[in-house]
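Presented below is the structure to which this report refers.
2 protein chains.
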Amino acid sequence: MSKYCLGVDIGGTTVKIGLFTKDGEVKDKWEIVTRKDEGGSFILSDIAASIDAELKELGIKKTDIIGMGMGVPGPITADGTVLKCVNLGWGIFNVAEEAKKLTAISNVKVGNDANVAALGEMWQGGGKGHENMVMITLGTGVGGGIIVGGKILTGSKGAAGEIGHITVNYNEEDTCNCGKRGCLEQFASATGIVKEAKRLLLISDKPSQLRDLQYLSAKEIFDAAKEGDELANQLVDELAKYLGIAASHIAAVVDPEVFVIGGGVSRAGEILTTRIKQNYEKNVMFALQNKAFTLAELGNDAGIYGCAKMVLD
Amino acid sequence: MSKYCLGVDIGGTTVKIGLFTKDGEVKDKWEIVTRKDEGGSFILSDIAASIDAELKELGIKKTDIIGMGMGVPGPITADGTVLKCVNLGWGIFNVAEEAKKLTAISNVKVGNDANVAALGEMWQGGGKGHENMVMITLGTGVGGGIIVGGKILTGSKGAAGEIGHITVNYNEEDTCNCGKRGCLEQFASATGIVKEAKRLLLISDKPSQLRDLQYLSAKEIFDAAKEGDELANQLVDELAKYLGIAASHIAAVVDPEVFVIGGGVSRAGEILTTRIKQNYEKNVMFALQNKAFTLAELGNDAGIYGCAKMVLD
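Heads up: the protein sequence lines correspond to chains A and B, in order. At position 137 of the first sequence the residue is numbered 137 (the numbering used here), and the sequence of numbers has no breaks. Here the numbering used here runs 1000 ahead of the position in the second sequence, where the first position is 1.
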């Protein structure tokens, strides 16, 4: 008789749910809407009802479910208590205990969404085959997840891997969303590189195809860089420089085997990993050189993979 | 019948050995000379003989020894293999296996000396009561040890916690011993602050009691700072600034509860922890603020404590 586990990635808009075999194969996956009314109080019962319905349809008994992992967008303590999830409307309560009651699944583990995505990429994605991994997610912001010995490093208050707010430019005058100045997120996020582009286009009089664009996004900048646009390349180099510096700091702390680059910006592809690696090697001490830099492979599914992996460990 | 464990800290000059109760009390401690002749091939047998003699004198049977932890000055893999210990003359071999044979103690664990010292400070020193701790050792160089969930974080190649080589000054022109520029060690080590003092005394024409000293060491600089010397305070502030920046980087990766400051320079006392903390809070994001900064308490015994703790876990 086959045994399965569930991965449930709770986002601000949708909840992604995956049913996995123990070997990491997806047997089924589906999504439901995240109902945020009344302080998000329907979210967990919606998930429970959806799982019951789907398992019934697949002819799988609850007793065949080894456990359920859940990812939530916010800091979380070791026992599964969320401290606040602004995006879900949640206050402080024990998600794991509540989910156990509602689903009648006794083995429930809960983690932060960025951390479980990192675990997913380690298990079946860009970090496969490695137990010591750092994931850097370049989206609207810059997030991270640290995996040590195959496990998520949570930190004393759930803030380990907050690498978007490592200071990489001590001379920066603009303020980051976090209130500090010179954070990695200010230069290496999708919004950061666009802001830097606007700044550079103003102060430089070099020709650039970026000047002709009505709408400027990270994609256009990387595309132009690949086509040889000088200004665009300057912007990509700056982003890679700051990511290389941040990666060198991270390595000096946890000495990983591999850095996995994910998030929307990572669709730019190998231009990104190649240039970050160049800057990393320049900035890191000899004992920490020659690390691998790979691209994330699971996209938006990384979370459900990581959730499933949490309960298999 | 009481049970004991042994902590053996192998240094380049002496080997420190401690006999501990399970509760962390030192029953006995002693030192032997590190015999480095013939590629250090006598070191482990000297240790075995010394332990046998001491246990005999104390009337303790080998069967009462739960295990032995050892600290070595170099990188070490998870199974106890040293990759090279220049200070001991050692090449590549499995220290744990060799020590088991020579001592007839079957439970032997080996760790890097900086890491075991951090573990010792967590157990019975400046980090007592905490499971997530970062130790920063300010000596001739700057070393570190990262403790996560009560265990040493070793890293994929034993280089986790190499925090002395985090780049904290991107404009530095002098080269660090490691070959890079702007490493923490260049500013925050005992040699670093003296070098910075000489540089500052040359370019500044401010009066300072440091100008009258024939021999300048970190101690004189901190003493002068405490007496209100302006230049000395400028130097202490610079050291604290760079340590605060490095601590902010480290926190964004592992989110510890406490930073423990050790090594010779830490004898300066609270002036150091107070000023590092000020600079840390200034440089770190809100989710990581309000960490404790304490002084190491075990001095040169931190290593034997940490070695003993390794086998008790």
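All C-beta atoms, glycine included, are put in the ideal place defined by N, C-alpha and C.
Can you grab the Cα-Cα spacing for the pair residue 1126 of chain B / residue 1292 of chain B, in whole Å? 10 Å
Consult DSSP for residue 1293 of chain B and reduce its assignment to one of helix, strand or coil. strand
Taking the C-alpha atoms as reference points, what is the distance between residue 1211 of chain B and residue 1247 of chain B? 31 Å
Those residues which DSSP pairs with residue 98 of chain A across a bridge: Residue 98 of chain A pairs with nothing; no bridge assigned.
Residue 1178 of chain B: contacting residues in chain A (beta-carbon distance under 7 Å): 285 and 286
Reduced DSSP secondary structure (H/G/I, E/B, other) of residue 112 of chain A: strand
Alpha carbon to alpha carbon, how far is residue 186 of chain A from residue 1003 of chain B? 56 Å
Among the residues of its own chain, which have a CB less than 8 Å from the CB of residue 1084 of chain B, if the five just before and after it don't count? 1074, 1075, 1090, 1091 and 1092
Checking contacts by CB at 8 Å: is residue 66 of chain A closer than that to chain B? no
Quick one: Cα of residue 313 of chain A to Cα of residue 6 of chain A, how far? 13 Å
For the structure I just gave you, are there three or more beta carbon pairs, one from the segment 1250-1262 of chain B and one from the segment 152-165 of chain A, closer than 8 Å? yes
Test: residue 1256 of chain B CB closer than 8 Å to a CB of chain A: yes
Which residue spans inside the segment 32-58 of chain A form an unbroken beta strand (DSSP E) run of at least 3? none
Sorted by chain position, which residues of the same chain lie with C-beta nearer than 7 Å to residue 1180 of chain B's C-beta, five sequence neighbours on each side aside? 1165 and 1167
Consult DSSP for residue 334 of chain A and reduce its assignment to one of helix, strand or coil. Since the first residue shown for chain A is 1 and the last is 313, residue 334 of chain A is missing from the structure and cannot be characterised.
Can you tell me where the beta strand (DSSP E) with residue 1136 of chain B in it begins and where it stops? 1133-1138
On the three-state DSSP scale, how would you describe residue 307 of chain A? helix
Given that a residue counts as buried once 16 or more other Cβ atoms are within 10 Å of its Cβ, and exposed if not, what is residue 1283 of chain B? buried
Drop a sphere of 10 angstroms on the beta-carbon of residue 1106 of chain B, count the other beta-carbons inside from all chains shown, and report buried for 16 or more, exposed for fewer. exposed
Run down chain B in chain order and give the residues with a C-beta less than 7 Å from the C-beta of residue 156 of chain A. 1132, 1255, 1256 and 1257
Any C-beta of chain B sitting closer than 8 Å to the C-beta of residue 167 of chain A? yes
Spell out whether any CB of chain A is found under 8 Å from the CB atom of residue 1162 of chain B. yes
Under 8 Å, do residue 116 of chain A and residue 71 of chain A count as touching if we go by C-beta distance? yes
Per-residue burial, residue 1203 of chain B [other beta carbons within 10 Å of its own, 16 or more giving buried]: exposed
So with CB distances below 9 Å, who are the chain B contacts of residue 250 of chain A? 1249, 1252 and 1253
Chain-order list of residues whose beta-carbon lies under 8 Å from that of residue 44 of chain A (same chain, five-residue window excluded): 95, 98, 99 and 102
Whole-angstrom distance between residue 1275 of chain B and residue 175 of chain A, CA atom to CA atom: 24 Å
Less than 7 Å between C-beta atoms, sequence neighbours within five positions excluded: which residues of the same chain meet that for residue 288 of chain A? 251, 252 and 255
Would you say the segment 238-245 of chain A touches the segment 1226-1244 of chain B, given that touching needs at least three Cβ pairs under 8 Å? no
According to DSSP, residue 85 of chain A sits in a beta bridge with which residue or residues? A:90
What are the boundary residues of the alpha helix (DSSP H) that includes residue 260 of chain A? Here residue 260 of chain A belongs to no alpha helix (DSSP H); instead the beta strand (DSSP E) covers 258-262.
Using a Cβ cut-off of 8 Å (strictly closer), state whether residue 1159 of chain B contacts chain A. yes
Cα-Cα, which of A:77, A:87 and A:52 is closest to residue 39 of chain A? A:87
From A:118, A:69 and A:110, pick the residue whose C-alpha is nearest to that of residue 77 of chain A; which is it? A:110
Start and end residues, alpha helix (DSSP H) containing residue 1191 of chain B: 1190-1203
Drop a sphere of 10 angstroms on the beta-carbon of residue 1189 of chain B, count the other beta-carbons inside from all chains shown, and report buried for 16 or more, exposed for fewer. buried
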